[in-house]
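Let me begin by presenting the structure, written as structure tokens, before commenting on it.
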Amino acid sequence: MKKLLHTSFVVLFLVAGLNAATYVKTWVNQSVSGSMQQGDIFAWEYDVSNVGGKAEFSIYLDINNNKVLDASDLLLEKFIQVDGGQGNDGPADSSATADGIIYTELGPFGFAPADYIFMAIDQDDQSEAAAAFQISAMDNPTVQISGTLSIEGVNPPDSKLENFMIGAQAAQGFMGYWSGLTDENGNYLINLPAEAAGSLWQIDLFFDRQAAGYTNDNENQILVSSGVNSGNDLFLGLPDAYVYGDLVDEQGDPVVIQDAGALIRQNDWMESYFDVIDGHYHASAAIPEGEAGAWFSVEFWGQGFSPEYLVPSGGDSSRLVYVQPGDSIQKDIMVFTADTLIFVRMFINDQPARQSFQFYAYSDTFGAAYGSNDESGIARLAVKKGSGYNVNIVTDSDGSSTIPEGYTFDGPQWQWAEPGDTVTFRLIPAQGLIKGGIVFSPGDPQQFYNLYDINITVSDSNWTTTFYSHPDDNFNYRQYVTNGIYNVHFDDWSGNYLAKPAWHENIKVENDTINNLDFELNYRHAHVQVVLKNAPPEAFWYGFYVNTMGQFPDVYQAEGWSDGDSTYHFQLCDGDWFIEPPAWYSDQDFDTVLTITNQDSNFYLVFDYNKATGISEEKNILPEKFYVSQNYPNPFNPQTTIEFGLPVQQQVKVEIFDITGRSIKTLVDGALNAGIHKFQWNASGVASGMYFYRVQTPEHQIMKKLILLK
1 MKKLLHTSFV VLFLVAGLNA ATYVKTWVNQ SVSGSMQQGD IFAWEYDVSN
51 VGGKAEFSIY LDINNNKVLD ASDLLLEKFI QVDGGQGNDG PADSSATADG
101 IIYTELGPFG FAPADYIFMA IDQDDQSEAA AAFQISAMDN PTVQISGTLS
151 IEGVNPPDSK LENFMIGAQA AQGFMGYWSG LTDENGNYLI NLPAEAAGSL
201 WQIDLFFDRQ AAGYTNDNEN QILVSSGVNS GNDLFLGLPD AYVYGDLVDE
251 QGDPVVIQDA GALIRQNDWM ESYFDVIDGH YHASAAIPEG EAGAWFSVEF
301 WGQGFSPEYL VPSGGDSSRL VYVQPGDSIQ KDIMVFTADT LIFVRMFIND
351 QPARQSFQFY AYSDTFGAAY GSNDESGIAR LAVKKGSGYN VNIVTDSDGS
401 STIPEGYTFD GPQWQWAEPG DTVTFRLIPA QGLIKGGIVF SPGDPQQFYN
451 LYDINITVSD SNWTTTFYSH PDDNFNYRQY VTNGIYNVHF DDWSGNYLAK
501 PAWHENIKVE NDTINNLDFE LNYRHAHVQV VLKNAPPEAF WYGFYVNTMG
551 QFPDVYQAEG WSDGDSTYHF QLCDGDWFIE PPAWYSDQDF DTVLTITNQD
601 SNFYLVFDYN KATGISEEKN ILPEKFYVSQ NYPNPFNPQT TIEFGLPVQQ
651 QVKVEIFDIT GRSIKTLVDG ALNAGIHKFQ WNASGVASGM YFYRVQTPEH
701 QIMKKLILLK
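Mapping to my numbering: the sequence shown position 567 is 567, numbers consecutive.
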């Protein structure tokens, strides 16, 4: 066992003085202590120079166990905390009151047995304070998780495999923070509380910072049992490419700040985290297997920008970069300098709010600014002249503001403001309550569900009044509102799930509680590519949406994204998907019904707009993917052609169905060689009307509509 600290509480005074950060304390089971055993209740406390001020809090692994921060120690994580604030990519001030002291209680704490150093840097005067801390292993653990971390290109034993913190988190409910450290062979062991047995746990790197420079696709979830749950291995790969760059201001001068961010792949929102050190970032880029390249966006968390600069954000293309395997691309990011303020006044029951709330001002032109109110209820957001701003009170999971129970907003949760303006938000007792829950489609995986990615939006019909809610650990949500008529939407920012219904509409609240506004979640496991061949420009002007068959809005709905050419990509769940090409002005009907099962993963559809004018393009190449074209001509009388492509030899069945779903004709049912196949249907013996044709292989099933006019 490592040597215990010789005193119960050690404070390392690095910089001290009047109105400065002077101490960091660690609390164990509600008493000040410099050591603990895994499973004890843990908290930290430190002061800041100004009431409502903020500090950068860092957690270090004390590698040489000397209780002093030095060059050998390993930075595990750092984040900004605000006095009275609810956290910004880090834990909150548990008191939620601006009083010059930040106190954060983390509950049952099971970090890996080791020596640590906690450090606070006041962001107003840069004063520093730190405390050493030691964690010992729990006695006789009855539940453990073990495994091995491997790194591409590193052969054990190697010091490069040491001191990665592997975390374990309960998939449902909160059971504390638990972790283990890897040794030189990459092996780790995590002790868990006895009550963990019989529940699902997620295993991954605890700190994203440690995966910087690698690809990290680990999604380990296990049902934990008593004893040692072994074989939970993780892998860090070398990236296919890199993106790096510097932050610069409007004049091209360096912006020297410390921050963090992520390189986000646009087709599936996979994130590769990075640190911003003295204004420079370096990120790894993972290209999807089999793809020539991918689009990425450079995004920043924004902790280190205010009050001097605005955070780059928004939907412009200035932070987009196309990356191919082997690339090392420099992408400098321009940020705008703040030169004025927007003031925010926060009231609760017509009294200035002493509780701390976080606010956000956004401009399409310049970016975003963040700030929290002081004890007089006033916040100051540092912005730039020359643009108006959308000012919000932040109530999402990152940097959230806790709304008092039973209260809601008197008016919209966002307001428009010009530089120098003062905006006012008021919380009043609610008049009604909207409640609902989340269920999963039978057989769908739950391991990709993260409640912090889920947002329930309650809005009136014209979006002037909007409320936001998050599900709790039991998959239930509740939102207090004023009287009115609302629509309730589900959003999953991770992109892992679709919800049915697409939304609940016209929900009337009049001094009552509306229950059971539930959403069914379905995992988006299938990738569908839709090619708009020879499409007019207007086909790409607006969003391309698809939905499952049914009475809208009681359907699943998804929006596609374009990769810059004529191809749209969709991540869809199982179901019968109705796909209608955008900007289709012909009297021919090219609507398609695509059936996706839980076993399907990839689909490829082509809509050829030239088929509407009788232009035909003969194909003499072997298809790379399975596809089914719309029949042509359509409408037809009495004969039409159905074309599809097979990349390999397969069993194929092509059938015609009437509008009742009855099969009336089988065009082929047998093995076909790879290639382009065309079959004709002569409908002389059937009546005019709408029919369907289905092309079915062992892996795919696509149905399209055709119209016979006599």
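In this text, a Cβ means the ideal position worked out from N, Cα and C, and glycines have one as well.
Between tyrosine 46 and tyrosine 60, how many whole angstroms is the CB-CB distance? I'm expecting something under 8 Å. Between tyrosine 60 and tyrosine 46 the Cβ distance is about 15 Å, and since that is not below 8 Å, they are no contact.
Excluding the 5 residues preceding and the 5 following aspartate 40 in the sequence, name in chain order all residues of the same chain whose CB lies nearer than 7 Å to its CB. Val28, Asn29 and Phe109
What residue from Arg694, Leu672, Leu706 and Gly689 has the CA that sits closest to threonine 640's CA? Leu706
On the DSSP bridge assignment, give the partners of isoleucine 579 in chain order. Thr592
Please say whether valine 143 and serine 199 have beta carbons closer to each other than 7 Å? no
Return helix, strand or coil for alanine 55, following the three-state DSSP convention. strand
When the Cα atoms are used, what is the spatial distance from leucine 572 to arginine 209? 31 Å
Tyrosine 609 - DSSP class collapsed to helix/strand/coil: helix
Can you list, in chain order, the residues of its chain whose CB lies under 8 Å from that of isoleucine 244, leaving out five sequence neighbours each side? Looking at the sequence shown, residue 244 is not isoleucine but tyrosine. Excluding residues within five positions, the ones whose Cβ falls inside 8 Å are His280, Tyr281, His282, Ala283, Ser328, Ile329, Gln330 and Lys331.
Inter-stretch contact at 8 Å, needing at least 3 Cβ pairs: the segment 175-182 / the segment 126-139: no
Kindly indicate the opening and closing residues of the beta strand (DSSP E) around phenylalanine 544. From DSSP, phenylalanine 544 is part of no beta strand (DSSP E); its letter is neither H nor E.
Kindly list the residues whose CB is nearer than 7 Å to the CB of alanine 285, restricted to its own chain and excluding five residues on each side of it in sequence; keep chain order. Pro239, Asp240, Ala241, Tyr242, Val243, Leu263, Ser272, Phe296 and Val323
By Cβ distance below 8 Å, which residues in the same chain neighbour arginine 319 in space, the five residues on each side in sequence not counted? Ser297, Val298, Glu299, Pro312, Lys331 and Ile333
If we count the other Cβ atoms within 10 Å of its Cβ and call it buried at 16 or more, is isoleucine 702 buried or exposed? buried
Out of Val606, Asn390 and Leu381, point me to the one whose CA is closest to glycine 371's CA. Leu381
Beta-carbon proximity list for aspartate 339, same chain, < 7 Å, skipping 5 on both sides: Lys384 and Lys385
Sequence-distant residues of its chain with Cβ nearer than 7 Å to valine 51 (five each side left out): Asp83, Ala98, Asp99, Gly100, Asp374 and Glu375
What's the C-alpha gap between alanine 369 and glycine 85? 16 Å
Beta-carbon gap between glutamine 696 and lysine 653 smaller than 7 Å: yes
Does serine 306 pass the burial test, meaning 16 or more other C-beta atoms within 10 Å, or should it be called exposed? buried
Delimiting residues of the beta strand (DSSP E) encompassing glutamate 152: Glutamate 152 -> no beta strand (DSSP E), and no H or E assigned at all.
Beta-carbon proximity list for proline 635, same chain, < 6 Å, skipping 5 on both sides: Ile707 and Leu709
Secondary structure at lysine 705, three-state DSSP: helix, strand or coil? strand
Would you mind reading off the limits of the beta strand (DSSP E) that contains histidine 282? 280-285
Counting only runs that start and end within the segment 454-506, where is the beta strand (DSSP E) found for 3 or more residues in a row? 454-459, 466-469, 476-481, 484-492 and 497-500
Contact test: aspartate 460 Cβ vs the ligand NAD heavy atom, cutoff 6 Å: Within the structure as shown, the ligand NAD is missing, as the structure has no ligands at all.
Take the Cβ of arginine 662 as the centre, count every other Cβ of all protein chains shown within 10 Å, and call the residue buried at 16 or more, exposed below. exposed
Evaluate methionine 346 with the Cβ neighbour count: other Cβ atoms within 10 Å of its Cβ, from every protein chain shown; 16 or more gives buried, anything less gives exposed. buried
With C-beta atoms as the reference, is aspartate 124 less than 7 Å away from serine 49? yes
For isoleucine 333, which beta-bridge partners are listed by DSSP? Leu247
Just to confirm my understanding: we take valine 276, look at its own chain, exclude 5 residues before and 5 after, and list those with CB closer than 8 Å. What are they? Leu247, Ile257, Gln258, Asp259, Ala260, Gly261, Phe300 and Gly304
Going by DSSP, which residues form a beta bridge with glutamate 195? Glutamate 195 pairs with nothing; no bridge assigned.
Sorted by chain position, which residues of the same chain lie with C-beta nearer than 6 Å to isoleucine 642's C-beta, five sequence neighbours on each side aside? Asn631, Phe679 and Tyr693
Secondary structure of arginine 694, DSSP reduced to three states: strand
If you follow the beta strand (DSSP E) that lysine 653 is part of, which residue opens it and which one closes it? 650-657
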